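Protein chains: 2
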Amino acid sequence: MTERITPRSENYANWYVDVVTQAQLADYSPVKGTMVIRPRGYAIWERMQSALDAMFKETGHQNAYFPLLIPESFIHREAEHVEGFAPELAVVTHGGGEKLEEPLVIRPTSETIIWSMYRKWIQSYRDLPLLINQWANVLRWEKRTRLFLRTTEFLWQEGHTAHETDKEAREETLRMLDVYRTFAEEYMALPVLTGKKSESEKFAGAVDTYAIEAMMQDRRALQAGTSHFLGQNFARAFDVQFQTRESTLDHVWATSWGVSTRLVGALIMAHSDDRGLVLPPRLAPTEVAIVPIFRNQTRDEVLRFASTLREQLSESFRVVLDDDESNSPGWKFAEWELRGVPVRVEIGPRDIEQGTALVARRDTGEKSPVPIAKLSGHIAALLKDIQASLLERARAFRDENTIEPASYDELVAFFADGPGGFAVAPWDGDPATEARVKAETKATIRVLPFDGEERARGRVCIVSGKPATSIAVYSKAY
Amino acid sequence: MTERITPRSENYANWYVDVVTQAQLADYSPVKGTMVIRPRGYAIWERMQSALDAMFKETGHQNAYFPLLIPESFIHREAEHVEGFAPELAVVTHGGGEKLEEPLVIRPTSETIIWSMYRKWIQSYRDLPLLINQWANVLRWEKRTRLFLRTTEFLWQEGHTAHETDKEAREETLRMLDVYRTFAEEYMALPVLTGKKSESEKFAGAVDTYAIEAMMQDRRALQAGTSHFLGQNFARAFDVQFQTRESTLDHVWATSWGVSTRLVGALIMAHSDDRGLVLPPRLAPTEVAIVPIFRNQTRDEVLRFASTLREQLSESFRVVLDDDESNSPGWKFAEWELRGVPVRVEIGPRDIEQGTALVARRDTGEKSPVPIAKLSGHIAALLKDIQASLLERARAFRDENTIEPASYDELVAFFADGPGGFAVAPWDGDPATEARVKAETKATIRVLPFDGEERARGRVCIVSGKPATSIAVYSKAY
């Protein structure tokens with residue numbers, strides 16, 4: 011905590027790395043492109059996992075585990091899949107001291123190995139739907155990496171479901187997108203746009219890809235989760251047919267959906283500030299830090315009082331009492347701010363005399379004295395308020411930085427001097443138009459909102475002037 | 011459930027595979043030596059993880075995550091470590107379409123990558139102890155594999171701790187061994203012997219390895235968990251020194267300890283029977299299965315009643331109501347027995363009239379009518395009793411199959427016609443003696459009990475006739 015965090019205004023990318031490393035969330039590992047998730051970072055991921063896992067189980071999914079290594083030939087079975095993933099593969103050529111007959115790849119995603127098993131498990135409509143999720147590590151060889159946001163290896167969950175009908179699979183795809191939206195908003199305090207991806211941005215092997223997209227504090231977009239309708243593509247590639255209710259044979263319909271440790275990066279980028287991490291209370295491993303303030307003659311009394319306070323508050327909250335005597339209170343304030351603990355309680359001899367404690371909230375920095383008797387209720391309300399405020403603040407920030415440009419010139423200007431933000435405009439649906447915008451502004455289409463078609467009716471594409479088929483949200487992205 | 015399970019008496023190995031595959035705990039994957047953990051098997055692992063994770067946190071450990079891939083040169087830094095693991099490595103030679111400058115190995119265990127990070131994180135005694143655990147997949151190229159018990163890839167936890175002193179690290183090693191013993195006995199209902207491993211059986215790179223060893227139903231031993239005192243071996247290999255309280259420099263003292271999905275195999279082999287899985291209630295994903303029994307005219311009444319019952323019991327237990335009408339009650343009884351659900355509740359029209367339900371316990375097969383009003387209390391007591399009975403039964407079985415041979419001839423005879431069991435005898439501490447026993451009986455030393463030295467005092471080795479240094483427990487093992 012003796013190091014300085016680069017201010018966001020000075021260099022946003024350095025600020026991010028400073029927060030991640032100084033708050034000890036992650037560290038660079040000796041293998042290029044990979045990272046170590048340190049205990050304080052992993053504790054956030056554990057809270058994310060636990061909330062998401064409960065939501066998956068509530069929607070009928072079960073966890074399983076499939077192998078890390080996939081025969082290289084499997085990746086080649088689905089034409090678009092191999093095109094998308096072949097350049098990113100890590101290949102195992104030797105095992106147990108011998109050269110392997112067929113190279114194995116480390117899973118970049120598990121559709122192929124999972125559908126090779128589904129072939130064994132699915133014979134009839136009675137075996138459907140099959141609703142499986144896996145928590146696992148995956149590996150994609152990335153050229154440019156960034157802690158949490160893009161690393162060669164990352165942790166994630168991947169849901170893989172099999173259904174009788176097109177309709178059911180499409181419903182599942184959107185159900186899980188909505189689970190992600192709910193999680194982002196209610197736990198991460200992160201407002202997200204939802205919608206479909208354009209052809210150029212969809213998952214290799216999907217019919218349709220849907221995403222949740224968030225705006226970071228530097229006004230860039232971050233894709234925080236995706237849900238894919240895979241049609242019958244993987245069922246065809248792995249010959250997974252089932253006996254229908256009408257006793258005919260049909261290929262199974264599929265979805266897949268995932269979020270990863272990238273969410274930890276999104277959380278940091280969305281809420282943190284120049285003093286360090288800011289965590290929404292629902293995902294904060296520690297909700298309350300108690301810092302006792304004393305001199306030699308008041309030491310015992312204050313520590314005894316603080317310790318009782320810790321016990322009381324622990325009944326309702328995740329509490330730490332920082333009674334380390336080798337650091338000053340000022341140092342501790344800065345340290346708990348760096349770590350993003352939502353509420354700090356300061357307690358000294360005068361507070362004890364007056365029957366109050368000083369309560370500081372991390373998000374705004376506000377401090378106020380609170381009667382000890384009302385402390386627990388006050389903190390409960392404060393945590394709720396912080397959770398809601400962070401969401402509101404992020405939503406207001408996004409809205410302030412979203413424009414509906416009236417002309418292509420305005421759109422180009424918006425992205426000319428920096429990240430810009432979100433630009434919402436009618437699009438003609440032509441990949442060439444999308445490519446032109448990307449080439450000229452570096453912005454890409456993040457999502458086509460669900461009501462985009464309706465909103466585009468009767469309007470023309472802001473770039474080409476041709477009739478628009480949808481509204482598109484353009485942004486520079488991570 | 012239409013397939014037959016091979017009886018244990020006919021072929022124990024086939025019985026095991028039948029139980030695992032028919033209860034749908036795991037399946038063979040297309041990659042040799044690896045397996046798929048299916049939802050019903052993974053649910054057991056999740057319960058194990060959750061109990062163990064809480065025990066690790068109670069003893070002050072935090073979770074983190076280190077990279078899957080390790081530079082090959084790291085494995086070579088510790089002389090014994092490389093000797094032990096080099097033959098089992100999977101090697102990544104290509105990434106992102108290019109040949110790598112240095113090959114990377116998939117972690118067979120993570121001491122090397124973790125100690126390379128500890129070097130960055132540990133400077134002073136203030137940074138110690140460092141108590142980190144990771145839940146991860148690891149890979150060891152195995153020639154002979156067996157579902158759950160030995161697979162090329164497996165899931166596990168690995169604790170890696172760093173300490174100021176020899177004494178503190180040794181205490182940690184034994185503390186975690188005791189956590190494993192407690193978990194095995196209290197959750198898995200699996201009695202275990204604890205003790206030190208002989209030199210030939212210890213972990214590659216450890217000073218001392220300790221283990222928990224259990225007896226399976228075929229009287230073979232299974233090593234269910236290990237805890238290693240690593241001395242300063244890895245700190246030396248990775249140059250991890252710290253400033254002591256006396257301002258001198260010293261290498262850090264280390265431990266590592268792990269249990270894996272092998273525990274699921276141990277659980278099956280310890281308690282299951284010819285009808286399928288038998289699960290101790292604390293690890294059973296479902297504790298109670300309700301099977302309604304009805305004809306057309308009683309259908310609605312029985313289902314309504316069963317559904318109310320499910321709601322009531324769900325307040326205290328993990329309950330499933332099997333109201334699928336395409337299967338007969340008899341089929342369902344067999345199915346829930348195969349799946350190992352500890353308690354089955356059968357409810358039909360006559361039961362409703364009489365205000366009772368028929369309660370069957372999985373372990374003994376006993377059935378008894380229980381008044382509905384007393385059902386919840388009865389089931390709570392029954393689950394406790396099943397948990398305790400399974401442990402007692404396994405302990406009695408182990409004791410019945412443990413001998414203290416009076417001569418080497420008796421020991422040889424014990425192992426001559428099959429697995430034998432555990433043979434407890436004084437040992438002279440000589441690796442040559444151990445090797446001779448192994449060559450002549452196929453039995454190895456599983457553990458040297460903690461009181462082995464004391465018990466051996468004044469006695470002679472059963473094999474060599476030389477003065478004994480310890481008691482040894484010999485057994486054939488998985």
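Heads up: the sequence lines are chains Y and B, in that order.
Heads up, my numbering is the position in the first sequence plus 10, with the first residue counted as 1.
Heads up, my numbering is the position in the second sequence plus 10, with the first residue counted as 1.
Beta carbons are placed, not taken as given, at the ideal position from N, Cα and C, and that holds for glycine.
All figures in this text were calculated on a predicted structure; none of them were measured in a lab.
Exercise for the section: In angstroms with no decimal places, state the Cα-to-Cα distance between Ala264(Y) and Gly268(B). Expected result: Spanning the two alpha carbons is a distance of roughly 37 Å.
Exercise for the section: Compare the C-alpha of Arg180(Y) against each of Val115(Y), Ala33(Y), Ser237(Y) and name the closest. Expected result: For the residues Val115(Y), Ala33(Y), Ser237(Y), the minimum Cα distance to Arg180(Y) belongs to Ser237(Y).
Practice task
Please determine, among Asp395(B), Ala216(B), Thr204(B), Gln251(B), the residue with the shortest C-alpha to C-alpha distance to Glu223(B).
Solution key: The residue with the shortest Cα to Cα distance from Glu223(B) is Thr204(B).
Practice task
Flag this pair as touching only if the stretch 281 to 296 of chain B and the stretch 346 to 356 of chain B have three or more C-beta atom pairs under 8 Å; answer yes or no.
Solution key: Touching, yes.
Problem - Contact list for Arg48(B) against chain A, beta-carbon separation under 7 Å - result: Judged by its chain identifiers, the structure shown contains no chain A, and its protein chains are Y and B.
Problem - First and last residue of the uninterrupted beta strand (DSSP E) at Pro49(Y) - result: Per DSSP, Pro49(Y) lies in no beta strand (DSSP E); the unbroken alpha helix (DSSP H) holding it starts and ends at 49 to 68.
Exercise for the section: Look at the alpha carbon of Lys130(B) and the alpha carbon of Tyr38(Y), and state the distance between them as a whole number of angstroms. Expected result: When rounded, the distance between both Cα atoms is 10 Å.
Handout entry: Element boundaries [alpha helix (DSSP H), containing Ala179(Y)]
Key = It spans 176 to 196 - the alpha helix (DSSP H) in which Ala179(Y) sits, taken as one unbroken run.
Exercise for the section: Pick helix, strand or coil for Met11(B), following the three-state DSSP scheme. Expected result: Interpretation of Met11(B) is limited by its pLDDT of 48, a score under 50 that renders its predicted location unreliable; the figure taken from the coordinates is listed afterwards. Here Met11(B) carries a coil assignment [DSSP, helix/strand/coil].
Exercise for the section: Would you tell me roughly how many angstroms separate the C-alpha atoms of Asn24(Y) and Thr16(Y), rounded to the nearest one? Expected result: Looking at the backbone, the Cα of Asn24(Y) and that of Thr16(Y) are separated by about 6 Å.
Practice task
Could you spell out where the alpha helix (DSSP H) holding Gly275(Y) opens and where it closes?
Solution key: In the DSSP annotation of this structure, the continuous segment of the alpha helix (DSSP H) that includes Gly275(Y) starts and ends at 272 to 281.
Handout entry: Interface partners of Ile54(Y) on chain B, CB under 8 Å
Key = Listed along chain B is no residue with a C-beta nearer than 8 Å to that of Ile54(Y); the closest approach is about 11 Å.
Problem - C-beta atoms of Ala74(Y) and Arg14(B) nearer than 8 Å - result: Not in contact: Ala74(Y) and Arg14(B) (Cβ atoms no closer than 8 Å).
Practice task
Check whether the Cβ of Glu490(Y) lies closer than 8 Å to any Cβ atom in chain B.
Solution key: No information on residue 490(Y) is available, as it lies outside the stretch 11 to 488 that chain Y covers here.
Exercise for the section: Can you tell me which of Leu401(B), Thr366(B), Gly439(B), Ser257(B) puts its alpha carbon nearest to the alpha carbon of Glu196(B)? Expected result: Closest option to Glu196(B), Cα to Cα, is Leu401(B).
Problem - Within chain B, partners of Thr412(Y) - CB distance below 7 Å - result: One finds nothing in chain B with a Cβ atom closer than 7 Å to the Cβ of Thr412(Y); even the nearest lies about 36 Å away.
Practice task
With DSSP as the reference, please indicate the residues paired to Asn337(B) in a beta bridge.
Solution key: DSSP, once it has assigned bridges, lists no residue as partnering Asn337(B).
Practice task
Could you name the residues of the same chain whose beta carbon sits closer than 6 Å to that of Glu90(Y), not counting the 5 residues immediately before and after it, in chain order?
Solution key: These residues qualify, in order along the chain: Ala214, Gly215.
Exercise for the section: Compute the Euclidean distance between the alpha carbons of Leu3(Y) and Tyr220(Y), then round it to the nearest angstrom. Expected result: The question about residue 3(Y) has no answer, for chain Y in this structure spans 11 to 488.
Handout entry: Where the alpha helix (DSSP H) through Trp131(B) begins and ends
Key = Run containing Trp131(B): 121 to 131, per the alpha helix (DSSP H) assignment.
Exercise for the section: Compare the beta carbon distance of Val41(B) and Pro77(Y) with 8 Å and say whether it is the shorter of the two. Expected result: Yes, these two residues count as a Cβ contact at 8 Å.
Problem - Selection of the stretch 369 to 392 of chain B by Cβ proximity to chain Y, strictly under 9 Å - result: Within the stretch 369 to 392 of chain B, no residue places its CB atom closer than 9 Å to a CB of chain Y.
Practice task
Quick one: using the 10 Å Cβ neighbour count with 16 as the cut-off for buried, is Leu273(Y) buried or exposed?
Solution key: Label assigned to Leu273(Y): buried.
Practice task
Indicate whether at least one CB of chain B lies closer than 8 Å to the CB of Asp137(Y).
Solution key: So no, Asp137(Y) is outside the interface.
Exercise for the section: Check whether the Cβ atoms of Ile123(B) and Phe84(B) lie closer than 8 Å to each other. Expected result: Yes, the Cβ-Cβ distance between Ile123(B) and Phe84(B) is below 8 Å.
Handout entry: Neighbouring residues, chain Y, relative to Met225(B) (Cβ below 8 Å)
Key = Neighbours of Met225(B) in chain Y, taken as residues at a C-beta separation under 8 Å, are lacking, since the least C-beta distance is about 28 Å.
Problem - Where Ala53(Y) falls, given that 16 or more other Cβ within 10 Å makes a residue buried - result: That one is buried.
Problem - Burial state of Val30(Y), where buried means 16 or more other Cβ atoms lie within 10 Å - result: Burial check for Val30(Y): the Cβ neighbour count within 10 Å reaches 16 or more, so the residue is buried.
Problem - Whole-angstrom distance between Ile80(Y) and Leu99(B), CA atom to CA atom - result: Each residue's alpha carbon lies about 17 Å from the other.
Exercise for the section: Could you tell me whether the stretch 133 to 150 of chain B touches the stretch 164 to 173 of chain B, where touching means 3 or more Cβ pairs closer than 8 Å? Expected result: Here the stretch 133 to 150 of chain B makes contact with the stretch 164 to 173 of chain B; the two share three or more CB pairs at distances below 8 Å.
Exercise for the section: Step through the CB atoms of chain Y and report whether any lies within less than 8 Å of the CB of Glu198(B). Expected result: The sequence given here has Met at residue 198(B), not Glu. False, the Cβ-Cβ gap to chain Y never drops below 8 Å.
Practice task
Keeping to the same chain, check which residues put their C-beta closer than 8 Å to that of Arg50(Y); ignore five residues upstream and five downstream.
Solution key: So the list reads Ala33, Gln34, Leu35, Pro295, Arg349, once near-sequence residues are dropped.
Exercise for the section: Kindly say whether Pro40(B), judged by its beta-carbon, lies nearer than 8 Å to any beta-carbon of chain Y. Expected result: At least one CB of chain Y lies nearer than 8 Å to the CB of Pro40(B).
Exercise for the section: Using a Cβ-Cβ cut-off of 8 Å, state whether Ile142(B) counts as contacting chain Y. Expected result: Under the Cβ criterion of 8 Å, Ile142(B) is counted among the residues facing chain Y.
Handout entry: Meets three-Cβ-pair contact criterion under 8 Å: the stretch 388 to 400 of chain B and the stretch 361 to 373 of chain B
Key = Judged by Cβ distances under 8 Å, the stretch 388 to 400 of chain B makes contact with the stretch 361 to 373 of chain B, as three or more pairs qualify.
Problem - Simplified DSSP state of Gln227(Y), which is helix, strand or coil - result: Looking at Gln227(Y) - three-state DSSP - the assignment turns out to be coil, as it is neither helix nor strand.
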